[in-house]
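Novice:
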Amino acid sequence: MKNYIPKGLTGKGLLRFLAAVPEVLAKNAFLINIFLIILTLIVGGILYMRIDFIIRASPPELDSPVRFKEEAYQRILQTLNEREEEFQTAAGKTYQDIFSPER
1 MKNYIPKGLT
11 GKGLLRFLAA
21 VPEVLAKNAF
31 LINIFLIILT
41 LIVGGILYMR
51 IDFIIRASPP
61 ELDSPVRFKE
71 EAYQRILQTL
81 NEREEEFQTA
91 AGKTYQDIFS
101 PER
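Going by full-length UniProt numbering, the sequence shown opens with residue 1, and the numbers climb by one from there.
1) Rounding to the nearest angstrom, what Cα-Cα distance links residue 28 and residue 52 in this structure?
2) Compare the beta carbon distance of residue 32 and residue 25 with 9 Å and say whether it is the shorter of the two.
3) Determine the DSSP secondary structure at residue 52, reduced to helix, strand or coil.
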């Protein structure tokens with residue numbers, strides 16, 4: 001890795017460094033994949049812990065109790081019952097067999 005570090009931000013040194021990056025990545029592909037997986041797990045764990053801490057530190061404040069909307073519930077039940085009836089009527093239909101020789 002010592003040979004791939006640019007000596008400065010000169011044009012030739014930077015170009016040599018950028019040209020060598022794909023070669024180094026290809027030679028160490030397995031190790032780089034393992035490193036990226038571990039890095040992803042660490043970052044995901046840190047984010048999860050931060051969100052969990054934020055949620056536990058400030059519980060949600062409810063201004064008013066949750067109300068059950070009976071009208072909306074009845075509309076949903078009615079829609080579900082209508083769909084069930086349509087499904088039952090469709091299941092009872094007998095369709096003509098298009099593969100039978102008799103017509």
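Where a beta carbon is used, it is the ideal one built from N, C-alpha and C, also for glycine.
Specialist: In this structure, then:
1) The straight-line gap from Cα to Cα measures roughly 36 Å.
2) In this structure, residue 25 lies closer than 9 Å to residue 32 by Cβ.
3) Three-state result, residue 52: helix.
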